[in-house]
Amino acid sequence: MAISKESKESKIVFRKPFDLQEAVILLDVYLTFNKKGASTNAAAKIASQRLRALAVSRGMEIDDSFRSVLGIRNRLDIIGCVYEGTESKSNSGTRVFREAVELYKNNRKKFEHILSDFSTHLLPEQSRVNRENEGSELGQMEEHFNA
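The opening position of the sequence shown corresponds to residue 144 in the numbering used here, with each subsequent residue numbered one higher.
So, in structure tokens, the structure goes:
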């Protein structure tokens, strides 16, 4: 259930529980960036951009706090603990995070389908902007690791 605040013309969503597609995107970012040595901040920026773009592609109006980098950092830690099978210090893994991890480990085809569905539903402009932003983040990470 999304929580929104009324404005004159629209409802702006500022908080909602993660759904399976968002959890799959978060796990993909964890596995692609965070687990391979990128900083949690860099991975959180990428995850935040992807999740915010997904919300917009779904027709949601969001505020600056929706899936913010700060909040996503914590969620990356939690989904990482669920994936690794360790106990999270801040929060136990949510049901949907466990479901995403189970899909990844036991039904990779369905996991990949959910992940690819994210890309196909982005508007071309959103997809281009995301790739450019992620490319910039990756370039900065590569410079850091090669230094």
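Think of the CB as a built atom: it goes at the ideal place given N, C-alpha and C, for glycine as much as any other residue.
Computed from a prediction, not measured in an experiment: that's the story for all the values here.
Neighbour-count burial assignment, residue i, 16 or more Cβ in a 10 Å radius
| i | result |
| --- | --- |
| N250 | exposed |
| R193 | buried |
| S259 | exposed |
Alpha carbon of residue i to alpha carbon of residue j, nearest angstrom
| i | j | result |
| --- | --- | --- |
| S208 | R195 | 10 Å |
| E230 | I221 | 9 Å |
| K188 | N217 | 12 Å |
| Y173 | D206 | 24 Å |
| L213 | K159 | 16 Å |
| T175 | H256 | 17 Å |
| Q269 | F161 | Note on Q269: pLDDT 44, under 50, position unreliable in the model; the coordinate value appears next. If you take the alpha carbons of Q269 and F161, they lie about 21 Å apart. |
| K253 | Y247 | 8 Å |
| G228 | K179 | 18 Å |
Interface flag, residue i vs chain C, CB-CB below 7 Å
| i | result |
| --- | --- |
| F161 | Considering every chain present, this structure includes no chain C. It has just one protein chain. |
Residue from the options whose Cα sits closest to the Cα of residue i
| i | options | result |
| --- | --- | --- |
| A186 | A198, F240, S211 and E227 | S211 |
| C224 | P160, D206, S262 and L170 | L170 |
| L163 | V199, K252 and T237 | T237 |
| I168 | M203, S182 and I215 | I215 |
| S200 | R241, F240, V239 and E165 | E165 |
| K154 | E242, R241 and G202 | G202 |
Cutoff 6 Å; reference residue i; Cβ partners in own chain excluding five residues on either side
| i | result |
| --- | --- |
| V244 | V225 and Y226 |
Contact under 7 Å by Cβ, residue i with residue j
| i | j | result |
| --- | --- | --- |
| F261 | L197 | yes |
Sequence-distant residues of its chain with Cβ nearer than 7 Å to residue i (five each side left out)
| i | result |
| --- | --- |
| V239 | F161, D162, L163 and A166 |
| S191 | R210, S211, V212 and I215 |
Cβ shell of residue i (< 8 Å), same chain only, five flanking positions each side left out
| i | result |
| --- | --- |
| T183 | N177, R216, L219 and D220 |
| E242 | L163 and A166 |
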